[in-house]
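**Student:**
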Amino acid sequence: MLQGARHVHIAALHAAANDAGIEIEIHELRKATDLENAQPHALVFPGGESTTMRLTGNDSASGLLPALFDWIREDSKRPVLGTCAGAILLCDPQDGGEPLVAAEIDRNAYGRQVDSFQSALDSTLLDRQFLGVFIRAPRFTKVGDSAEAVVTHENEVVGVRHDNRLALTFHPELSQDSAFHQWLLQTAKEVAE
Numbered sequence: 006m007l008q009g010a011r012h013v014h015i016a017a018l019h020a021a022a023n024d025a026g027i028e029i030e031i032h033e034l035r036k037a038t039d040l041e042n043a044q045p046h047a048l049v050f051p052g053g054e055s056t057t058m059r060l061t062g063n064d065s066a067s068g069l070l071p072a073l074f075d076w077i078r079e080d081s082k083r084p085v086l087g088t089c090a091g092a093i094l095l096c097d098p099q100d101g102g103e104p105l106v107a108a109e110i111d112r113n114a115y116g117r118q119v120d121s122f123q124s125a126l127d128s129t130l131l132d133r134q135f136l137g138v139f140i141r142a143p144r145f146t147k148v149g150d151s152a153e154a155v156v157t158h159e160n161e162v163v164g165v166r167h168d169n170r171l172a173l174t175f176h177p178e179l180s181q182d183s184a185f186h187q188w189l190l191q192t193a194k195e196v197a198e
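Here the sequence shown is numbered in the numbering used here, starting from 6 and rising by one per residue.
1) In the DSSP assignment, find the unbroken alpha helix (DSSP H) run with T88 in it and report its ends.
2) Looking at the unbroken beta strand (DSSP E) that takes in S124, where does it start and where does it end?
3) Excluding the 5 residues preceding and the 5 following A193 in the sequence, name in chain order all residues of the same chain whose CB lies nearer than 6 Å to its CB.
4) Considering H186, what are the terminal residues of the beta strand (DSSP E) in which it resides?
5) Could you tell me which of D39, T56, I77, G26 sits nearest to R112, measuring between CA atoms?
6) Tell me which residue opens and which closes the alpha helix (DSSP H) that A21 is part of.
7) Using the three-state DSSP reduction, which class does A108 fall into: helix, strand or coil?
8) By how many angstroms is the C-alpha of Q123 removed from the C-alpha of A17?
9) Does DSSP put F139 in a helix, a strand or coil?
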């Protein structure tokens, strides 16, 4: 809950939970202590401005980003969804540790706000198409051997999965389709069982 499209993700998670018949409790994380108190089963890193998220989340008053990165690294089975700026944080955490998703990413590679667009995407993760919304989107420049391209737009990779971590360069929360949020909840349920 540092910055970005966090409230839209909350609505998408509620829709996904309703569609999947899964009960959820959402915790809004702003500080490292919030993570300790919540003990989540899954995380969402929303889109927004990655520089602002880094400044706010690494500030001593918050300490949230180091705590989140440690939490993710503790167990590769923990489900994480990172969209747009969230994908940047997962691929390039800038904390001295390994990337959380083995892919290289370039900020704002699709252009400025006026270059935003919607398009049908192909997803092997969903085994169907998905309408993607791109807003000042980053671009994957390389996918590592331990990661898998799971979403493409005209043969360009726009979604990468590494273990149970999913980095998307688009905004699934702005679609009327909650399939990627359902994936997160279903994966969290399977891991918890």
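A virtual CB, placed ideally from N, CA and C, is assigned to each residue, including glycine.
**Tutor:** Per the coordinate set shown:
1) Numbered from 1 along the sequence shown, position 83 holds the residue referred to as residue 88. Segment 85-88 is the beta strand (DSSP E) holding T88; no alpha helix (DSSP H) there.
2) The residue you call residue 124 lines up with position 119 of the sequence shown. Taken as a continuous stretch (DSSP letters only), the beta strand (DSSP E) holding S124 covers 122-128.
3) Taking the sequence shown and counting its residues from 1, the one referred to as residue 193 is at position 188. Correct list, in chain order: H46, A47, P84.
4) Translated into the one-based positions of the sequence shown, residue 186 becomes position 181. For H186, there is no enclosing beta strand (DSSP E); the enclosing alpha helix (DSSP H) has its first and last residue at 184-197.
5) Position 107 of the sequence shown, counting from 1, holds the residue named residue 112. When only C-alpha atoms are compared, the closest one is T56.
6) Within the sequence shown, residue 21 is the residue found at index 16, counting from 1. Going by DSSP, A21 is part of the alpha helix (DSSP H) stretching over 11-25.
7) Here residue 108 corresponds to residue number 103 of the sequence shown, with the count starting at 1. Reduced to three states, the DSSP call for A108 is strand.
8) The residue labelled residue 17 in the question sits at position 12 within the sequence shown. The residue labelled residue 123 in the question sits at position 118 within the sequence shown. About 18 Å.
9) Translated into positions along the sequence shown, residue 139 becomes position 134. Secondary structure at F139: strand, using DSSP grouped into helix, strand and coil.
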